Every structure is written in structure tokens, then in C-alpha cells.
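Okay, structure first, notes after.
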Amino acid sequence: MTRPLIACTLAAAIAAAALTPSSTTLALGNRPLSSATGGLLGSPGGSSALNAPEALLAQTLIAIAGAQFDIALAEIDKVLNQHPNFRLAHLVKGDLLMARARPISGIGAAPGAPADRIADLREEARARLVRHQQERPVNRVPSNLLQLTPDQKHVFVVDASKYTLYVFENDNGTPRYVADYYATIGRNGIEKLREGDKKTPLGVYHVTGNLPREQLTRTYGSLSELYGDGAFPINYPNEWDRRRGRTGHGIWLHGVPFDTYSRPPQASDGCVALTNEDLLAISRRVQVGVTPVIIAQGVDWVDADAAKSTRESLQRSLDEWRRDWESRDTERYLRHYSREFSSGKQDLAAWSQQKRSVNAGKSWIKVGIDGVSMFLYPGNDNLAVVTFSQDYASSNISNKMRKRQYWQRENGHWRIVHEGAA
Amino acid sequence: MTFKSAAARLAAIAVCIGLAAPVLAQGDELQEAQQLLKQGQTDRAMERVEQYLKSRPKDARGRFLRGILLTEQNKPAEAIRVFTELTQEYPELPEPYNNLAVLYASQGQYDKARSSLEMAIRTHPSYATAHENLGDIYAKMASQAYDKALQLDKNNQAAQTKLNLIKDLFTGAPRPPKVAVAKAEIPKPPAAAAKPAPTATPAPAAPAPAAAAKPAVAAKEPVKEPAKEPAKEPAKAAAPAGSGDSDAVLKTVEAWAAAWSANDVSGYLAHYAPGFRTPDGEPRAAWENERRARIAKPRKIEVRVEGAKVSFSDSNRATVTFRQHYHSNTFKASASKTLVMIRSGKQWLIQEENVGG
Numbered sequence: 142m143t144r145p146l147i148a149c150t151l152a153a154a155i156a157a158a159a160l161t162p163s164s165t166t167l168a169l170g171n172r173p174l175s176s177a178t179g180g181l182l183g184s185p186g187g188s189s190a191l192n193a194p195e196a197l198l199a200q201t202l203i204a205i206a207g208a209q210f211d212i213a214l215a216e217i218d219k220v221l222n223q224h225p226n227f228r229l230a231h232l233v234k235g236d237l238l239m240a241r242a243r244p245i246s247g248i249g250a251a252p253g254a255p256a257d258r259i260a261d262l263r264e265e266a267r268a269r270l271v272r273h274q275q276e277r278p279v280n281r282v283p284s285n286l287l288q289l290t291p292d293q294k295h296v297f298v299v300d301a302s303k304y305t306l307y308v309f310e311n312d313n314g315t316p317r318y319v320a321d322y323y324a325t326i327g328r329n330g331i332e333k334l335r336e337g338d339k340k341t342p343l344g345v346y347h348v349t350g351n352l353p354r355e356q357l358t359r360t361y362g363s364l365s366e367l368y369g370d371g372a373f374p375i376n377y378p379n380e381w382d383r384r385r386g387r388t389g390h391g392i393w394l395h396g397v398p399f400d401t402y403s404r405p406p407q408a409s410d411g412c413v414a415l416t417n418e419d420l421l422a423i424s425r426r427v428q429v430g431v432t433p434v435i436i437a438q439g440v441d442w443v444d445a446d447a448a449k450s451t452r453e454s455l456q457r458s459l460d461e462w463r464r465d466w467e468s469r470d471t472e473r474y475l476r477h478y479s480r481e482f483s484s485g486k487q488d489l490a491a492w493s494q495q496k497r498s499v500n501a502g503k504s505w506i507k508v509g510i511d512g513v514s515m516f517l518y519p520g521n522d523n524l525a526v527v528t529f530s531q532d533y534a535s536s537n538i539s540n541k542m543r544k545r546q547y548w549q550r551e552n553g554h555w556r557i558v559h560e561g562a563a
Numbered sequence: 016m017t018f019k020s021a022a023a024r025l026a027a028i029a030v031c032i033g034l035a036a037p038v039l040a041q042g043d044e045l046q047e048a049q050q051l052l053k054q055g056q057t058d059r060a061m062e063r064v065e066q067y068l069k070s071r072p073k074d075a076r077g078r079f080l081r082g083i084l085l086t087e088q089n090k091p092a093e094a095i096r097v098f099t100e101l102t103q104e105y106p107e108l109p110e111p112y113n114n115l116a117v118l119y120a121s122q123g124q125y126d127k128a129r130s131s132l133e134m135a136i137r138t139h140p141s142y143a144t145a146h147e148n149l150g151d152i153y154a155k156m157a158s159q160a161y162d163k164a165l166q167l168d169k170n171n172q173a174a175q176t177k178l179n180l181i182k183d184l185f186t187g188a189p190r191p192p193k194v195a196v197a198k199a200e201i202p203k204p205p206a207a208a209a210k211p212a213p214t215a216t217p218a219p220a221a222p223a224p225a226a227a228a229k230p231a232v233a234a235k236e237p238v239k240e241p242a243k244e245p246a247k248e249p250a251k252a253a254a255p256a257g258s259g260d261s262d263a264v265l266k267t268v269e270a271w272a273a274a275w276s277a278n279d280v281s282g283y284l285a286h287y288a289p290g291f292r293t294p295d296g297e298p299r300a301a302w303e304n305e306r307r308a309r310i311a312k313p314r315k316i317e318v319r320v321e322g323a324k325v326s327f328s329d330s331n332r333a334t335v336t337f338r339q340h341y342h343s344n345t346f347k348a349s350a351s352k353t354l355v356m357i358r359s360g361k362q363w364l365i366q367e368e369n370v371g372g
């Protein structure tokens, strides 16, 4: 009888992957997992009801690790009943069956199968297992979320290192964890630099459009099958990306082709892809032009009030900037600008020159600021994206606009490095 | 579709299985029918069987043979009905379950095939054919699951390779007649006149049990879990043969495995008797060519013989059963194997080679 042997090898492979996530394993490839960031609170598998297939799959893998093969087969059949296009589940089922026919050495024992596809599915198994075992960030928030505007009902945070999109709801200004979803990112990983590099950008973005299925078909025809049930474009490249010479376009949140339940963790051309059912779930929460999408490599989870001091120091700087502008003391106003400042068209010298001449012709200025959102930039705690509604009135001209500033902390002082219309 | 042929082959195997046990000690009509079937005269065989069944409509052996003939006539639905009824009336018989499974498998209904085989094994835990078929079914189901997992394009070269590999498992070269019977014969003590009947049929040696409707029962006692590790010590045959003969036979088997392991084609082929019964009745040259390709090709082969047991039906004829562990750079399998060996001068040569037993 070969079965006990199989039990050992397959179970060991999965146990290695699932139960000691910080170690590298041969069976699932050896990309190291970043360990869970310090002490997330909350119950494990908190969103399992939302992600039932993933939970079932994970239970299958755990059953295999425990050498409970009959249970594992029953679990995987449950998954496949619900989601007949769940390729990873088919792979695991194949393994469970193949293990009865002959010894196999780990996940994805399909003889002669294309190695890249097997590797993709193994990565998905690993990503989903890690996700399943992650504690949910109940009462924790990503440190990036400093402040939401009252009309921003939700914010999406993508942790590319966990292949996960988190949804937070705005509970009177405090972000509250709602759900998280398995997400596919760019084939070549993160930190998009240029057109066609098949990487997912890291940064602070906003949803700029809504392309439901019918719209996709109308606009793109059958090619749009790739996006599944819908798509939400985001504003890559944003001001900060352009400033750094990053190129490319068409980074979307979207679904997956209808012939599959999900895609491997790294498979898109740079977009963030969710299963179609998950995409539909978040689509109810999207506000075009309003909903922020923050894409990070690793999230720093903090208590909700940990953002307070940063938020307040930014708010103070913003208030001073506003008052100094109103004072028409242009040099006081200009001290808020970094030497690295650029509006995209003007550097600090040109900007200063223009402001001096404009302000000189005015007898009064009133600046109202409202609806302020603040986000720390992923990967750079000294950069904040501040967006607000500006109500500008002066002796000779008035206007209202939505404005976005990038503030950089320089020697403990926040200074503006970019300013423009949002 | 390559799969079709695999299925057809399984069905043919079923015919062998079925024929062996129940039919042997039958009335003239049944024997004739069997003879006709062997000659490929399926329709005439069917006439005989139906005539036979007219007077004995409940007769299990007749109905079993009818099921096989229906399978041969490519009437799977009717054959399934026949075997299903047999499983209902004789739930203790593994063969109808096995054949049902083969038919289901040929239709791609692997879940049904699997449960039928599991029933066959439940009735007969040592039923090697069912174990092997079940392994095949699992491999086939796994292959289906893998196809879905990998969304393999059928034109994709890699996909082809993969499917062929699994089909190899399925139709496995050194496997052919899955003689359900061979095992019944081996440990059979001399008491029951165990005639290996070597020349005519693929080792239908099982003495037809008295209650022929229960061939399964007869097989049950002597075979103790062949799937489990056989005794390390080669059992000395109870039959009238010197222990020196037994050693000589075992040495031959070891040498045969060694030649195979060494990719030594001519050394390997030299172990086969001139009258060797090729697995599918193909011409000797064709069989040799196939073996040559298979043995010469892999970069590395290791064939290990484990727990060999020898029994002698007479002083010139021995049956060796063992567990064969085959391991190449591309493929790995373990199976029970039965070699029927004949004495030729000073040496022993392989007359028959069967998987199972």
C-alpha cells in the first residue's frame, strides 16, 4: 500500500507551507513570506464567511496536512460544487486522487504539466493559505489612513505582499475593517516604473471611473472578457508618479475572465484583479472620483488613534499655509514650500515669482478649506497626500476647486512638494 | 481520441476477467459461446448464450457472459443493465462490479466507476484487478482535475505529453491481461486440481468453483491481501519440485530484472520463451519492438523484485508472483506481477507475464 507514503509527502508539503509560514518550502516554491506584522488583533479567519471558497480550500489543505484525505476530498468537492472554475481547487483534487493511484511528491503532481502553470497555482495555494491564517485587522487600521472626508464612505487598501485588498468603511471619521479579498497583482510584481513592465504601482490613488460589464463589452468588445464582471480605473500615474517619470496607463481594479474563479497571485499586466464575486461585492462601495485606493507593499497596522499626532501636525501646517496665504505676506506663504517643489509646470522659483506678482495686486484674500483627506504615502512615512476643497476669494478673483498637495516632512516640518488640481 | 482506445482496452480486459472464472465448467452451450467469443464470433456466441438463458433465465454465469458479449457488441447501456442486475442479486461477487466500473469508465463516468470498484473491493479486499482498475480510475480522475486546473489547450504540446503519460498509467505497457484469475491459482494448494491451462486462455486456471455463481468466494480464502507486502522469504512450493528448482527460478527472475534495469534489451528478451504468450496476442516481433523501445529509452530504470513466491504445477512449470517496483526517470509504478515460467533445458524461461496476482 502506497497511501501512507503519500500521506507523508503531500501532508509534509502542505504542513510546511501552511503551518510554518515564515520558513521557505520546496513544495510551494521558496519565495519568503513576510511574517505577519506585529500583533493584528481580531479573530482569525474573520472574513471566512465572505470568502467561503477560500476558507474551504484552506480547510482542505489543512486536512491534507493532517493526513485526513477523505475529509480533504469531501471539502474540495464542496468548493468545486460552489465554484466549478476554481482551478486551484481542481489541482488539489487532482493531487488527492492521484495520490491514490501512485505516490506524489507535493502540490501539483500533474505529470508533464507546464511548470509555470503549476508554479502559479502553488503560489495561489500559498497566498490563500497565508490569507486564511491571517488574523483580521479588527480595530486596527493601516497607518496610511490619516483622515477621510465625510463623503468618502469607504477606502480600499491593497497589500500587494499579501495579495489582499482590504475594505474599510468610514465610521464617523474612523476607518473600520469590513472585509478583505484575495487579489491578483502584476505578473512582475510591484513598483511600476514604465509602460508595459507588468508591475503594479505602489501609491495613493483614487477610483476615476466605473466600467460595468455592459460598458466593457460596448467599448472593448470580446477582448474585455479579461476584466470579468467590471472594472474601476484608478488615476495611475498620479502626480507623484509623473514627477518621478513613471509611465504607463490603464491600471484598473477589475474582475477575472469568466472561465476561471480566480487568477494566480501574480498574473495581471499591473492591474489589481479580484474574483468576479468579490469585484461585485466591492462595486457596491465604490464612489467614482471619491474612493481612495492605496496600494502598498506591506501594511503597517496601527491603532485607530495612532494617526492622531501625524494628522494634527499636518492639519496645523495646512492651517498655517492657508492663513499665510490670506495674510498676503508672500514670503511667509512661500516658506511652506519645499525647495524640491514642483507644480508639474513650475519649479519653486517660477512658482514664487508668480505668487509674488499675483498677490501684490490684491487688497484681500480669503481661503476656505473643507473636506480634507490625508494619506501617508506607501513606503514613505515622510510624504503625505492631502486633498481638499478650496474656496478662494480675493479682491479681484474667486474660484472653487478640489486641490491636492503632497507634503513632505523635512527636518520635522511639513513642506509642500507638489500642488495642483485634484 | 486516445481515451476511447484506452477505454476499449479496459473493456477487453473485462472480457478476460469475466471469462475466466465463471465459464469454465459450464454446459456445452456456454462453453461453445465462450469459444465463439474467443474466435471473435460475437453474434453467434450471443445466440448460444441466449439459448442457454432461455431455459435458465436467472443463471448468473450465462448472464455474466451475456454482459461481456453486449460489451463486445458495443452496447454499453444494455451491458450496464446486465451487470447492475448481477450486482444486485449477487452483491458478494466482485466481477460484475469490476465490469460495471470498466463500462462506466469507458463512458467517462469515473465517479460511478470508482464506487463500483470500491464495492468490488469491499466484497473482496484482495481483488487485485479491482485495485488496479481503481488506481487507474483515480489517475484518470486526477487527470481530469488537472486538466481543469491547468486549462490545458488540447493543442498544447505539454498538455499532450501529460495526457499521454497518464494514459500510460492507464493502459500501462506491462499490464495487459488483468487476469483476475491468475491470483486464484497461485497459492492454491495442490488439492484443488489447479490446472494452469496455459496454452488456451490467459491463465484461466482457477478451478471453476463448484457453486460457479460465486467465483469470488473461491478466490478469497487463498489470497491473503496480495497488495500488502508479501513475505520476505520466498515460499517453497508445496508442489513436487526440488528446492534447487525454486532457487533457479528466483535467480532467473532476478537476472531478468537486472537486465531490464541495465537497459540490456537482448539480455532481457533472452528470458522469454520462444512460445511466450504476448500480452495482447500481438506478433512476437511487434511485442519485442515495443519492449525494446521501452527498455532502451529511459535514461535510468530500476526494477526491483520483492517478496517473490514460487509454486510449481509440475516440475517443468513454475508460477512466480512478486511485487514489481518499477522506477525510471519518467515513470514510477509498483504492481503485483505473475510470471509463468517453463523449464527449457537448464534454464527457466518466461512463458506468460501478467500484472496482478
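Residue numbers (the working numbering), protein chains in the order written: chain G, 142 to 563; chain F, 16 to 372.
All residues carry an ideal CB built from backbone N, CA and C; glycine is no exception.
Small disclaimer: the values here were computed from a predicted structure and weren't measured.
Nearest to residue i (by Cα), restricted to the options the options
i: Trp492(G); options: Val527(G), Asp532(G), Val434(G), Glu560(G); result: Glu560(G)
i: Leu352(G); options: Ile392(G), Glu336(G), Val443(G); result: Ile392(G)
i: Ala320(G); options: Asn329(G), Val282(G), Val345(G), Tyr346(G); result: Val282(G)
i: Glu62(F); options: Asn344(F), Ala164(F), Ala48(F); result: Ala48(F)
i: Ala206(G); options: Tyr323(G), Ile538(G), Asp236(G); result: Asp236(G)
i: Tyr287(F); options: Arg309(F), Arg299(F), Ile365(F), Arg332(F); result: Ile365(F)
i: Arg137(F); options: Asn148(F), Glu107(F), Tyr119(F); result: Glu107(F)
i: Ser536(G); options: Asp410(G), Gly502(G), Gly253(G); result: Gly502(G)
i: Glu195(G); options: Val513(G), Ala256(G), Phe227(G), Gln356(G); result: Phe227(G)
i: Pro91(F); options: Ala120(F), Pro72(F), Val280(F), Pro289(F); result: Ala120(F)
i: Leu357(G); options: Gly386(G), Tyr346(G), Pro398(G); result: Pro398(G)
Coarse secondary structure for residue i, derived from DSSP in three states
i: Asp400(G); result: coil
i: Trp275(F); result: helix
i: Phe346(F); result: coil
i: Phe227(G); result: coil
i: Pro245(F); result: Only weak support exists for where Pro245(F) lies, its pLDDT of 39 falling under 50; the coordinates are left without a value.
i: Val440(G); result: coil
i: Thr290(G); result: coil
i: Pro390(G); result: First, the residue type needs correcting, since residue 390(G) is His and not Pro in the sequence shown. His390(G): coil per DSSP, three-state reduction.
i: Glu107(F); result: coil
i: Phe291(F); result: coil
i: Val429(G); result: coil
i: Phe185(F); result: Low confidence applies to Phe185(F): its pLDDT is 23, below 50, so where it sits in the model is not reliable enough to give any reading.
Contact check, residue i vs residue j, beta carbons under 8 Å
i: His395(G); j: Gly430(G); result: no
i: Gln438(G); j: Leu343(G); result: yes
i: Gly371(G); j: Leu420(G); result: yes
i: Thr99(F); j: Leu80(F); result: no
i: Ala94(F); j: Thr86(F); result: yes
i: Ser284(G); j: Asp446(G); result: no
i: Ile436(G); j: Ala215(G); result: no
i: Leu339(G); j: Gln428(G); result: According to the sequence displayed, residue 339(G) carries Lys and not Leu. No.
i: Met515(G); j: Arg473(G); result: no
i: Thr201(G); j: Ala213(G); result: yes
i: Val233(G); j: Ile248(G); result: yes
Burial state of residue i (16 or more Cβ within 10 Å)
i: Val279(G); result: exposed
i: Arg543(G); result: exposed
i: Gly362(G); result: exposed
i: Thr341(G); result: buried
i: Lys53(F); result: exposed
i: Gln407(G); result: buried
i: Ser498(G); result: exposed
i: Met142(G); result: For Met142(G), the predicted model reports a pLDDT of 36, less than 50, meaning its position is unreliable; a value from the coordinates is still stated below. Per the 10 Å Cβ criterion, exposed.
i: Gln494(G); result: exposed
The ligand SAH heavy atom lying under 7 Å from the CB of residue i
i: Asn113(F); result: The ligand SAH is not part of this structure, which contains no ligands at all.
*asked:* For the structure I just gave you, are there three or more beta carbon pairs, one from the segment 330-345 of chain F and one from the segment 309-322 of chain F, closer than 8 Å?
replied: Touching, yes, given that three or more Cβ pairs across the two stretches are closer than 8 Å.
*Pairing CB atoms from the segment 540-556 of chain G with CB atoms from the segment 517-529 of chain G, are three or more of them under 8 Å?*
A contact exists between the segment 540-556 of chain G and the segment 517-529 of chain G.
*Do the segment 498-512 of chain G and the segment 263-278 of chain G touch if we need at least three Cβ pairs shorter than 8 Å?*
Flag = no, the segment 498-512 of chain G and the segment 263-278 of chain G do not touch.
*Three or more C-beta pairs closer than 8 Å, one from the segment 236-248 of chain G and one from the segment 152-163 of chain F: is that the case here?*
By the C-beta criterion, the segment 236-248 of chain G is judged to be in contact with the segment 152-163 of chain F, since at least 3 inter-stretch pairs fall below 8 Å.
*Evaluate the contact criterion for the segment 322-341 of chain G versus the segment 447-463 of chain G: three or more CB pairs, one atom per stretch, below 8 Å.*
By the criterion of at least three beta-carbon pairs nearer than 8 Å, the segment 322-341 of chain G is not in contact with the segment 447-463 of chain G.
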